[in-house]
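Notes follow the structure.
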Amino acid sequence: MKKKLALMLTAALAAASLTACGGSGTADTRAAGSRAEGAGEKAPSGDGSEMVVAWWGNQVRNERTQAILELYSQQNPGVAFDGQFSEWADYWNKLATAAA
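Quick note on numbering: the sequence shown equals residues -22 to -1, 1 to 78 in mature numbering (1 follows the signal peptide of the UniProt record, and there is no 0).
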């Protein structure tokens, strides 16, 4: 009995979560049209400020993240990043200090 109830509850929760993540099935054509009209316009450039991006991991992850940030900055002039790499233990100390 308990297994049956647990299975039914699990199925109901799965169905509810899938329903909550689903779209409404209707599209806002006005928003799509306005994006298409503005496609030829140049996006405003950034104000020259830097966005701080912090991550933890090993050296391979650091190199790959730096490469992605540089690529994004090249493709989007005016956007700059201040990358802050840390080892796992040091990351949480830096994060707590930055949040204070």
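For every residue, glycine included, the Cβ atom is placed at its ideal position computed from N, Cα and C.
Which residues DSSP lists as bridging residue i, in chain order
i: Trp34; result: Ser64
i: Met29; result: Phe59
Distance CB(residue i)-CB(residue j) smaller than 9 Å
i: Val30; j: Ala76; result: yes
i: Gly35; j: Phe59; result: no
i: Gln44; j: Gly61; result: yes
Buried versus exposed, by CB contacts within 10 Å (16 or more), residue i
i: Thr7; result: Here Thr7 scores only 48 on pLDDT, less than 50, and its place in the model should not be relied on; the value that follows carries that caveat. When all chains shown are included, Thr7 counts as exposed.
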